[in-house]
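Chains Y and Z are the protein sequences, given in the same order. Using my numbering, you'd call the opening residue of the first sequence number 1164 and step up by one each time. Using my numbering, you'd call the opening residue of the second sequence number 425 and step up by one each time. Written below as structure tokens is the structure these notes are about.
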Amino acid sequence: MRIKLEKRPAPSTFMLIATPIASVLLTMLIGVIVFDAIGIEGERAVIDIFLTPILASYKWQDVAVKAAPLIIIALGLSIGNRAQIWNIGAEGQYVLGALFAAGVGIAAGPTGGPFTLILMILAGIVGGAAWAAIPAFLKTRWDVNEILTSLMLTYVSFQVLGYLVGGPWKDPNGRNFPATAPLPESLTLPILFPGTTVHLGVAIALILPFVFWVLMSKSVFGFQIRVVGSAPHAARHGGFDAKQTIWMALLIGGGMAGLAGALEFTGSLKAINLGFPSGYGFTAIIVAFLGRLNPIGCLIAGFVLAVTYVGGQVAQTTVHIPNSTAGIFQAMMLFFILASDILIRYRVRFIAKKPANSTEAHT
Amino acid sequence: MSPEFVIASIVTIIGLTTPILLAGLGELITEKSGVLNLGVEGMMLMGAISGFVITALTFNPWLGVIGAAAGGALSSMLFAVLVLQLNSNQVATGLALSIFGTGLSSLIGVSFTGRIVPQFGSIFPDALAKDPILKLFFGYSPLVYFALAMVPLTAWFLKSTRAGLILRAVGENDHSAHSIGYSVTGVRYAAIAFGGAMAGIGGAYFSMVITPMWAEKMTAGRGWIALALVVFAGWRTGRLLAGAYFFGFLMWLELFAKANGFGNSLPFVQAIPSQFWAAMPYVMTVVALTLISSRGNVGASAPACLGKPFLPST
């Protein structure tokens, strides 16, 4: 018997929705098997990573706070990926967003109020977009590969952060620890539910997917992005400017990552230290793919990935596995979703084996 | 500057250079075949833990290095199957491999934390290896000489062998290579496996040479520097060697600017924040890539099929 792939006349909507769900379930199943094989209670580990954060209500706030940056960054990245622009430097744009917000906050001094806070958030968007403008400029001016430049700039951003929090912006009362001074109460995002950590950024992350959905499905811009990505020749005939698309894709991706960084800083962490870049920018790439580059998909996928982050911490204490084990599950989900991509455009057929002298045996 | 200081500095720079040189040579071959594997960091960590575990179990560092190469190559096969068999997106798959390797190596490493493995003995007699001056040439780990030997071998393979020519043909024009009967997929499997094996050995340099102990994420982002190195070198073997030492020198400047114990031996370096030196390899790579992309005449260019899936029309 051999397997044959047949091209579908149109992409399968069923597979588009079924494969992300199957990917998550398969990841859990393989997780149990592999963990059992290496002598860790697999069932317990997988339950703690995928279900405990959902079943235990006291974990919900952690999930929501972790999901917010993932969703916001993934929304921006989805636009780029749809147009086949590969911005993988969201982590750096996220860092620059937080740094720009911090810069405005420091310049305004401790007396700033809501107006300063809004300026900080806007500065975050500008900072992220500015960092993404470098690959956009290089790509449109000299056709420099944006995958490599955006990635390299991420590692530059870590050093910019290290320099600022260890030097000019170091908290004078911080026992020489490289971190900025904690934000005054007046410059932190309001908490939505008293007694929790759920800040205004979570609400923004819940609203933005619907804004993006309208933008992508109802506007000329959304149409342009989709056409440029799926049919570049048609796009050129239709008069869509490729350079403009590159700029828009990268600026939106960077701006959203910068927004996420500013919200994480003002809403959750309140100070920037060397641990600020925690990988959200990279994990958001998984969110974008698992969400099938669809804004509502990103919303759901953002929560799934946030669950694994929180669950990873749970499993760390219950079955004594390192925190980074959650990364194994996150990567497996992405592996499965990428592997299943082919099912959307192709149909798998099992065909009885032909005689050995068939000419097709070579292909 | 005393001679001891110069010798100690050179020894440090060579230690910093070796892992990125190993991983860079592997990634060079992978990219020459037209495949962009961003999983170097993950493969290095898989190599680091595999080498460590095998050495801990067999007490033989030579077997450990073989284990490291196997660990790196095996993890790269995960990437290869997805990218070559299922035409998945190379960028996303490579990133997934980096995340996966980081997580899996941490998990495997838990039960080996705190253990110390036997290290390589010197391959030269002590009269040479321990001599205060001659150790500059004879005092290194066997992996250092292996890395250096692999440079001319890789250059020779790419330039003068039939297999190297086929590899480059597959990377420059996969459809032509396919139409004259070469297996694009087969060549790319081999190139990815080689990249994984070399990254694995580069990772083992951390867990078996720099310290004989295991620590989570011990390659500390060097996989990304190795990726930068291949681009910085413009996909040329000779420039990769020069670039590796240049990056090694920059990393040494970073360490130097960070530490205060050196007095004022290089005031210029210490006046500049260490982060500046740490960022330099990445900044220089962006500049180099821009030069390569903007003019065709710098004697270097990316393989034409880099990062693109191969979809035969038959």
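Where is the CB? At the ideal position from N, CA and C, for every residue including glycine.
Please decide whether Thr-585 of chain Z counts as near chain Y, where near means a Cβ-Cβ distance under 8 Å. Against chain Y, the CB of Thr-585 of chain Z has no partner CB under 8 Å away; the residue lies outside that interface.
Give me the chain Z residues within the contact set of Gln-1322 of chain Y, using Cβ-Cβ distance strictly less than 7 Å, ordered along the chain. When 7 Å is used as the limit between beta carbons, Gln-1322 of chain Y is near these residues of chain Z: Gln-699, Ala-702, Ala-703, in chain order.
Short CB-CB distance (under 8 Å) between Asp-1334 of chain Y and chain Z: Cβ-Cβ to chain Z under 8 Å: no for Asp-1334 of chain Y.
Just the C-alpha distance for Tyr-569 of chain Z and Phe-561 of chain Z, rounded to the nearest angstrom, thanks. Cα-Cα distance, rounded: 10 Å.
Leaving out five residues on either side along the sequence, give the residues of the same chain with a beta carbon under 7 Å from the beta carbon of Val-608 of chain Z. For Val-608 of chain Z, same chain residues with a beta-carbon under 7 Å away, outside a window of 5 residues either side, are Val-594, Asp-598, Ala-601, His-602, Phe-734 in chain order.
Span of the alpha helix (DSSP H) around Tyr-1257 of chain Y: Start and end: 1253 to 1271.
List the whole-angstrom C-beta distance separating Leu-462 of chain Z from Ser-522 of chain Z, where the pair is believed to meet the contact cut-off of C-beta under 8 Å. Between the beta-carbon of Leu-462 of chain Z and that of Ser-522 of chain Z there is about 6 Å, and that keeps the pair under the 8 Å contact cut.
Which bits of chain Y does Phe-562 of chain Z rub up against, with CB to CB less than 7 Å? Within 7 Å of the CB of Phe-562 of chain Z, no CB atom of chain Y is found; the nearest one sits about 35 Å away.
Per the DSSP calculation, Gly-1169 of chain Y is bridged to which residue(s)? For clarity, residue 1169 of chain Y is Glu in the given sequence; the question names Gly instead. For Glu-1169 of chain Y, which the question treats as bridged, DSSP gives the partners Y:Arg-1510.
Touching by the beta-carbon criterion (3+ pairs, under 8 Å), the stretch 453 to 468 of chain Z and the stretch 480 to 491 of chain Z: Short answer: they don't touch.
By the criterion of Cβ-Cβ separation under 8 Å, what are the contact partners of Val-534 of chain Z in chain Y? By Cβ distance, chain Y contributes His-1483, Ile-1484, Pro-1485.
Between which two residues does the alpha helix (DSSP H) harbouring Gln-514 of chain Z extend? Residues 514 to 533.
Could you tell me how far apart the beta carbons of Val-611 of chain Z and Ser-512 of chain Z are, in whole angstroms, since I believe they sit closer than 8 Å? Actually they are not in contact, since the Cβ atoms of Val-611 of chain Z and Ser-512 of chain Z sit about 18 Å apart, beyond 8 Å.
Contact between the stretch 613 to 627 of chain Z and the stretch 1508 to 1515 of chain Y: three or more CB pairs below 8 Å? Judged by Cβ distances under 8 Å, the stretch 613 to 627 of chain Z makes no contact with the stretch 1508 to 1515 of chain Y, as fewer than three pairs qualify.
So for Thr-738 of chain Z, helix, strand or coil by DSSP? Confidence at Thr-738 of chain Z is low in this model, with a pLDDT of 47, below 50, so the placement of that residue should be treated as unreliable; the coordinate-derived value is given next. The answer is coil: DSSP assigns Thr-738 of chain Z none of H, G, I, E or B.
Under the DSSP definition of a beta bridge, which residues are partnered with His-1400 of chain Y? His-1400 of chain Y is not bridged to any residue.
Since Val-1390 of chain Y contacts Phe-1403 of chain Y with CB under 8 Å, what's their CB separation in whole angstroms? Val-1390 of chain Y to Phe-1403 of chain Y, Cβ: 6 Å. Contact.
At a CB-CB cut-off below 9 Å, which residues of chain Z make contact with Val-1312 of chain Y? Contrary to the premise, residue 1312 of chain Y reads as Thr rather than Val in this sequence. Within chain Z, Thr-709, Val-710, Leu-713, Thr-714 have C-beta atoms less than 9 Å from the C-beta of Thr-1312 of chain Y, given in sequence order.
Reference Ala-1107 of chain Y, options Y:Asn-1336, Y:Ala-1398, Y:Leu-1352, Y:Ala-1185, closest by Cα: Nothing about residue 1107 of chain Y can be read from this structure; chain Y reaches only from 1164 to 1526.
Cross-chain neighbours of Met-1315 of chain Y in chain C, by beta carbon under 7 Å: In the displayed structure, chain C is absent; the protein chains listed are Y and Z.
Nearest by alpha-carbon distance to Gly-1489 of chain Y: which of Y:Val-1467, Y:Tyr-1472, Y:Ile-1234 is it? The question names Gly, but residue 1489 of chain Y in the sequence shown is Ala. Selected option, being the one with the closest Cα: Y:Tyr-1472.
Chain Z contact residues for Leu-1497 of chain Y, given Cβ-Cβ distances below 9 Å: Neighbours of Leu-1497 of chain Y on chain Z, chain order: Ala-516, Thr-517, Leu-519, Ala-520, Ile-523, Phe-524.
Are the CB atoms of Gly-647 of chain Z and Ala-472 of chain Z nearer to each other than 8 Å? No, the Cβ-Cβ distance between Gly-647 of chain Z and Ala-472 of chain Z is not below 8 Å.
Under three-state DSSP, which class holds Val-435 of chain Z? Three-state DSSP puts Val-435 of chain Z in a helix.
Residues that His-1362 of chain Y bridges to, as DSSP identifies them: Within the DSSP bridge table, the entry for His-1362 of chain Y names Y:Ile-1354 as partners.
Comparing the C-beta of Val-655 of chain Z with each C-beta of chain Y, is any distance below 8 Å? Yes, its Cβ sits closer than 8 Å to a Cβ of chain Y.
Option nearest Thr-441 of chain Z by Cα separation, candidates Z:Ile-696, Z:Ala-702, Z:Trp-701, Z:Gly-667: Of Z:Ile-696, Z:Ala-702, Z:Trp-701, Z:Gly-667, the residue nearest in Cα terms is Z:Gly-667.
Helix, strand or coil, according to DSSP, for Ala-695 of chain Z in the structure here? If DSSP states are grouped into helix, strand and coil, Ala-695 of chain Z belongs with the helices.
Residue-chain proximity (Leu-506 of chain Z, chain Y), Cβ-Cβ < 8 Å: By this cut-off, Leu-506 of chain Z is an interface position.
Taking 8 Å as the CB-CB limit, is Tyr-1318 of chain Y close to chain Z? It does; some Cβ of chain Z falls within 8 Å.
My output table needs one value for Ala-1524 of chain Y: the three-state DSSP class, helix, strand or coil. A caution first: Ala-1524 of chain Y carries a pLDDT of 41, below 50, which makes its placement in the model too unreliable to give a value.
From Ala-1314 of chain Y to Arg-1245 of chain Y, what does the alpha carbon distance come to, in whole angstroms? Looking at the sequence shown, residue 1314 of chain Y is not Ala but Leu. Note on geometry: alpha-carbon atoms of Leu-1314 of chain Y and Arg-1245 of chain Y lie some 19 Å from one another.
Going by the beta-carbon positions, is the gap between Ile-1234 of chain Y and Leu-1413 of chain Y smaller than 8 Å? Going by C-beta atoms, Ile-1234 of chain Y is not nearer than 8 Å to Leu-1413 of chain Y.
Short of 6 Å in beta carbon distance, which residues of its chain neighbour Lys-682 of chain Z, apart from the five on each side in sequence? Order them along the chain. If we look at Lys-682 of chain Z and ignore the five residues flanking it on each side, its Cβ neighbours are Ser-698.
So is Ser-500 of chain Z in contact with chain Y if we call contact Cβ pairs under 8 Å? Chain Y contact via Cβ: absent.
Gly-1330 of chain Y versus chain Z: which residues are under 7 Å apart at the beta carbon? Simply Pro-697.
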